[in-house]
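Everything on this sheet refers to the single structure shown next.
In the working numbering, the protein residues as written are 2 to 243.
Put into structure tokens, the structure is as follows:
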């Protein structure tokens with residue numbers, strides 16, 4: 002049975018697009034035990050600064066997860082500084098939860114398509130767990146390689162060993178070579194150890210992603226003005242949003 006979620010927050014563009022090619026949308030996914038409302042202020046900052054004025058923002062909220070006792074896109078696995086001595090000892094990842102969340106975000110993408118915003122004018126990304134879901138969505142779902150951009154902030158790439166098989170099942174003809182991707186981490190992040198950032202980079206390089214922006218900041222598991230400025234630049238320059 003589908004999990005109940007609040008309706009996503011929709012923030013209309015500050016300036017209505019006057020031509021179809023001006024229209025764009027960003028879907029921003031929150032982290033564990035958070036909600037979409039927490040990122041309304043981020044959007045307000047952009048709009049008050051006249052940044053991305055033609056962009057529609059969607060801030061979805063994850064369902065309450067009984068196992069986690071909080072809103073979560075999936076049941077989190079343990080993120081350890083060092084890998085387990087044997088692969089079978091690694092904490093199992095919540096494949097079903099991640100794919101269910103991807104399916105939900107795809108439903109939002111289809112709603113945007115119905116509003117005449119094509120997929121190649123939609124960027125998807127998020128913070129922490131939102132980063133994880135966005136990367137799987139952009140690299141292995143039926144929409145792999147089709148977005149204007151994918152961005153992951155202070156998170157990681159889950160399901161790495163399964164990505165190829167997931168993509169072959171969901172989108173066997175997909176090509177992610179030219180999918181713009183931005184990933185960022187805080188060097189003081191105590192929740193997501195650095196090995197996950199390095200592993201994500203290696204996976205993207207193995208996929209031969211050509212349009213990749215990587216950033217590291219002297220911060221913890223949070224966002225900062227510099228992060229938001231670089232995200233804005235990514236959306237403007239890599240994704241072509243104005």
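Every residue gets a Cβ at the ideal spot worked out from N, C-alpha and C, and that includes glycine.
For residue 227, report the span of its alpha helix (DSSP H) as first-last. In the chain shown, counting from the first residue as 1, residue 227 sits at position 226. First-last of the alpha helix (DSSP H) with residue 227: 226-234.
Using only the heavy atoms of the ligand ATP, determine whether one of them is closer than 7 angstroms to the beta carbon of residue 215. The model depicted lacks the ligand ATP and carries no ligand whatsoever.
Do residue 146 and residue 180 have their C-beta atoms closer together than 8 angstroms? Position 145 of the chain shown, counting from 1, holds the residue named residue 146. Position 179 of the chain shown, counting from 1, holds the residue named residue 180. Taking 8 angstroms as the Cβ cut-off, residue 146 and residue 180 qualify as a contacting pair.
Whole-angstrom C-beta distance between residue 74 and residue 30, which should lie under 8 angstroms: Walking along the chain shown from the start, residue 30 turns up at place 29. Walking along the chain shown from the start, residue 74 turns up at place 73. Right, their Cβ atoms sit about 7 angstroms apart.
Distance between residue 6 and residue 33 (C-alpha atoms, nearest Å): Within the chain shown, residue 33 is the residue found at index 32, counting from 1. Within the chain shown, residue 6 is the residue found at index 5, counting from 1. So the two alpha carbons sit approximately 14 angstroms from each other.
Strand pairing of residue 58, partner residues [DSSP]: Taking the first residue of the chain shown as position 1, residue 58 is located at position 57. Partner(s): 12, 27.
Which one of 96, 221, 21, 47 has the shortest CA to CA distance from residue 116? In the chain shown, the residue the question calls residue 116 occupies position 115. Closest option to residue 116, Cα to Cα, is 21.
Option in 28, 98, 40 with minimal Cα separation from residue 68: Numbered from its first residue, the chain shown carries residue 68 at position 67. That would be 98, whose Cα lies nearest to the Cα of residue 68.
The segment 50-57 / the segment 81-88 touching (three or more Cβ pairs under 8 angstroms): no
Is residue 217 helix, strand or coil when you go by DSSP? Residue mapping note: residue 217 aligns to position 216 of the chain shown, counting from 1. Correct three-state label for residue 217: strand.
Bridge partners of residue 127, per DSSP? Counted from its first residue, the chain shown places residue 127 at position 126. Partner(s): 30, 153.
In three-state DSSP terms, what is residue 183? Residue mapping note: residue 183 aligns to position 182 of the chain shown, counting from 1. Correct three-state label for residue 183: strand.
Residue closest to residue 172, alpha-carbon to alpha-carbon, out of 150, 178, 140, 148: Sequence index remark: in the chain shown, residue 172 carries index 171 (1-based). The candidate whose alpha carbon is nearest that of residue 172 is 140.
Integer Cβ distance of residue 25 from residue 242, believed to fall under 8 angstroms: Indexing the chain shown from 1 puts residue 25 at position 24. Indexing the chain shown from 1 puts residue 242 at position 241. Contact holds; Cβ gap of about 4 angstroms.
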